[in-house]
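Participant: Questions regarding the structure given below will be posed in turn.
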Amino acid sequence: MNIRYNDTRKDLPQEQLRRLFMLVGWSDGSETPEQKEHYNIGFINSTFVVSAWDDEHLVGAVRVLSDKVFRSVIYDLLVDPEYQNNGIGSELVERCIKHFPKSEWLVQTTEQVASYYEKLGFKVNNDAFLTIPCALFTVVHKQQELL
Ligand SMILES: CC(C)(COP(=O)(O)OP(=O)(O)OC[C@H]1O[C@@H](n2cnc3c(N)ncnc32)[C@H](O)[C@@H]1OP(=O)(O)O)[C@@H](O)C(=O)NCCC(=O)NCCS
Numbered sequence: 400m401n402i403r404y405n406d407t408r409k410d411l412p413q414e415q416l417r418r419l420f421m422l423v424g425w426s427d428g429s430e431t432p433e434q435k436e437h438y439n440i441g442f443i444n445s446t447f448v449v450s451a452w453d454d455e456h457l458v459g460a461v462r463v464l465s466d467k468v469f470r471s472v473i474y475d476l477l478v479d480p481e482y483q484n485n486g487i488g489s490e491l492v493e494r495c496i497k498h499f500p501k502s503e504w505l506v507q508t509t510e511q512v513a514s515y516y517e518k519l520g521f522k523v524n525n526d527a528f529l530t531i532p533c534a535l536f537t538v539v540h541k542q543q544e545l546l
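Mapped onto our numbering, the consecutive letters of the sequence shown carry residue numbers 400 to 546.
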């Protein structure tokens, strides 16, 4: 498997990105045409994006919101199920951490995936994470439904 990583491109192809979201169960495919047209807006507006490619095929991605010094937050780490367990997810996260090496890192995740991040050096804490949900996108979290 010859995976190429790109850490300069943020405008990931809409349809390929949406396909990835569907493959991991984060989209049920019911987006409106307007949502489909802006599928990559969160990536474009992020501070840092890393994507993984098999030839021209997008197989993984992650995005980071960061002040570049103190605090960085990881969002939307995902790898095509057919390519999982080949180190792609770890490589994506490690490239983010190396890019802002002094920063504190945060990620909001499910209990199921927490152990994955612990292997990458994250520590679970019990700080409350308060939210107001996004009004534009409802992300289907299959994994959360399973908890
Ligand atoms: C989580 C995810 C990104 C991992 O990507 P990946 O490329 O398969 O991960 P890697 O190959 O780097 O790591 C594989 C290791 O992580 C473990 N792992 C994979 N998914 C895991 C999960 N959900 N929970 C805990 N451990 C997990 C594997 O068992 C394997 O362990 P090993 O190294 O001891 O054999 C991928 O499973 C995915 O896209 N999941 C759906 C989306 C998701 O939940 N993203 C995280 C959002 S916060």
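By construction, the Cβ of each residue, glycine as well, lies at the ideal position given by its N, Cα and C atoms.
What are the start and end residues of the beta strand (DSSP E) that includes Ala513?
Facilitator: Counted from its first residue, the sequence shown places residue 513 at position 114. Counting along the chain, Ala513 falls outside any beta strand (DSSP E), though it belongs to the alpha helix (DSSP H) covering Glu510 to Lys518.
Participant: For ligand 1, is there a heavy atom less than 6 Å away from the beta-carbon of Tyr438?
Facilitator: As a first step, residue 438 is located in the sequence shown; it is residue number 39 there, counting from the start. No, the beta carbon of Tyr438 sits no closer than 6 Å to any heavy atom of ligand 1.
Participant: Counting only runs of 4+ residues fully inside the stretch 418-447, write out the alpha helix (DSSP H) ranges in chain order.
Facilitator: Those alpha helix (DSSP H) runs which fall completely within the stretch 418-447 and span 4+ residues are 432-436 and 440-443.
Participant: Less than 7 Å between the beta carbons of Asp410 and Ile443, yes or no?
Facilitator: In the sequence shown, residue 410 corresponds to position 11, counting from 1. In the sequence shown, residue 443 corresponds to position 44, counting from 1. Their beta carbons are under 7 Å apart, which means Asp410 touches Ile443 by this criterion.
Participant: Using 6 Å as the cut-off, classify the Cβ of Ile402 as near or not near the heavy atoms of ligand 1, replying yes or no.
Facilitator: For the purposes of this step, residue 402 is identified with residue 3 of the sequence shown, where counting begins at 1. No; taking the cut-off as 6 Å, the Cβ of Ile402 has no heavy atom of ligand 1 nearer than that.
Participant: Against chain D, with Cβ distances strictly below 7 Å, would Phe469 count as a contact?
Facilitator: As a matter of chain content, chain D is missing from the structure shown, which is built from one protein chain.
Participant: Does at least one heavy atom of ligand 1 sit under 6 Å from the Cβ of Ile496?
Facilitator: Counting from one through the sequence shown, the residue named residue 496 turns up at place 97. No; taking the cut-off as 6 Å, the Cβ of Ile496 has no heavy atom of ligand 1 nearer than that.
Participant: Return helix, strand or coil for Leu477, following the three-state DSSP convention.
Facilitator: Your numbering for residue 477 matches position 78 in the sequence shown. Looking at Leu477 - three-state DSSP - the assignment turns out to be strand.
Participant: In the DSSP assignment, what residue or residues form a beta bridge with Glu455?
Facilitator: Residue 455 sits at position 56 when you count from the first residue of the sequence shown. Answer is none; Glu455 lacks a bridge partner.
Participant: Could you check whether Leu416 and Ser445 sit closer than 7 Å to each other, using their CB atoms as the reference points?
Facilitator: Within the sequence shown, the letter at position 46 stands for residue 445. Within the sequence shown, the letter at position 17 stands for residue 416. Contact: no.
Participant: Taking only the alpha-carbon atoms, compute the straight-line gap between Glu490 and Ser426 and give it to the nearest angstrom.
Facilitator: Locating residue 490 in the sequence shown gives position 91, counting from the first residue. Locating residue 426 in the sequence shown gives position 27, counting from the first residue. Whole-angstrom Cα-Cα distance: 24 Å.
Participant: Can you tell me where the beta strand (DSSP E) holding Arg494 begins and where it ends?
Facilitator: As a first step, residue 494 must be located in the sequence shown, where it is residue number 95. Note, Arg494: premise wrong, no beta strand (DSSP E); alpha helix (DSSP H) at Ile487 to His498.
Participant: Who are the near neighbours of Leu546 in its chain, counting only those whose CB is closer than 6 Å to its CB and skipping five residues on each side?
Facilitator: Stepping through the sequence shown from its first residue, residue 546 is reached at position 147. Caution is warranted here: a pLDDT of 34 is assigned to Leu546, below 50, making its placement in the model unreliable, and the coordinate value is therefore given only provisionally. Answer for Leu546: no residue qualifies.
Participant: Give the single residue among Val472, Val423, Met421 and Gln413 whose Cα lies nearest to the Cα of His437.
Facilitator: Taking the first residue of the sequence shown as 1, we reach residue 437 at position 38. Of the listed residues, the one whose Cα sits closest to His437 is Gln413.
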